[in-house]
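To start, the structure itself, in structure tokens.
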Amino acid sequence: MRSFDFAPLYRATVGFDQIADLMDRVLTTEGAQPTYPPYNIEKTGDDSYRISVAVAGFSDADLSVEVRENALIVSARKTEDDADRSYLHRGIATRAFERRFHLADHVQVTGATHVDGMLHIDLTREVPEALKPRQIAISSSKQIAKDVVDAKSVN
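225 is the number of the first residue of the sequence shown in our numbering; add one for each residue after it.
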């Protein structure tokens, strides 16, 4: 796979280092990507999302959902209470895992539910009012000229 040098991007822009870091993280090959546990990401509305993680065999006490530095970290560690059990076949994987999801700016975790072996994490993008588009009133040129004349007469 090709490696890209982002040095020209760093010296030609200011404040876009997060984008370059994200692209660098996506393009680096850190070996095989983990596939356990399987998950879905769905868009449930214009500014709402849901991450569903298959966590069969884990209880609520075994699961952990944490938000740290624009990253959602879902982890699980099964307590070993199977010492007295003897399995003929063990096909349900309950090995420990940690899955990270990088969150965009202004994306907040609004809740998490664990139902029927699925962990559902709801997210919402909440853009602050200062960043939302706003309409600017356009005044006529006559009004501006009158204001300039009034300002000169005052001085």
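Quick reminder that beta carbons are idealized off the backbone N, C-alpha and C, glycines included.
{"Query": "Beta-carbon proximity of residue 348 to residue 276, cut-off 7 Å", "Result": "no"}
{"Query": "Enclosing beta strand (DSSP E) for residue 277 [first to last residue]", "Result": "272-278"}
{"Query": "Own chain residues within Cβ distance below 6 Å of residue 294, not counting five before or after", "Result": "327"}
{"Query": "Residue 248 Cβ short of 6 Å to the ligand ATP heavy atom set", "Result": "The ligand ATP is not among the ligands present in this structure, which contains no ligands whatsoever."}
{"Query": "Under 7 Å between C-beta atoms of residue 278 and residue 261", "Result": "yes"}
{"Query": "Given residue 265 as reference, the closest of 324, 364, 329 and 355 once Cα atoms are compared", "Result": "324"}
{"Query": "Entirely enclosed beta strand (DSSP E) segments - the stretch 301-375, minimum 3 residues", "Result": "321-326, 331-339 and 342-349"}
{"Query": "CA-to-CA distance, residue 247 to residue 225, given in whole angstroms", "Result": "Confidence at residue 225 is low in this model, with a pLDDT of 49, below 50, so its placement is unreliable and the value that follows should be read with caution. Near 14 Å, if we compare the C-alpha coordinates of residue 247 and residue 225."}
{"Query": "Boundaries (first-last residue) of the beta strand (DSSP E) holding residue 293", "Result": "Residue 293 -> no beta strand (DSSP E), and no H or E assigned at all."}
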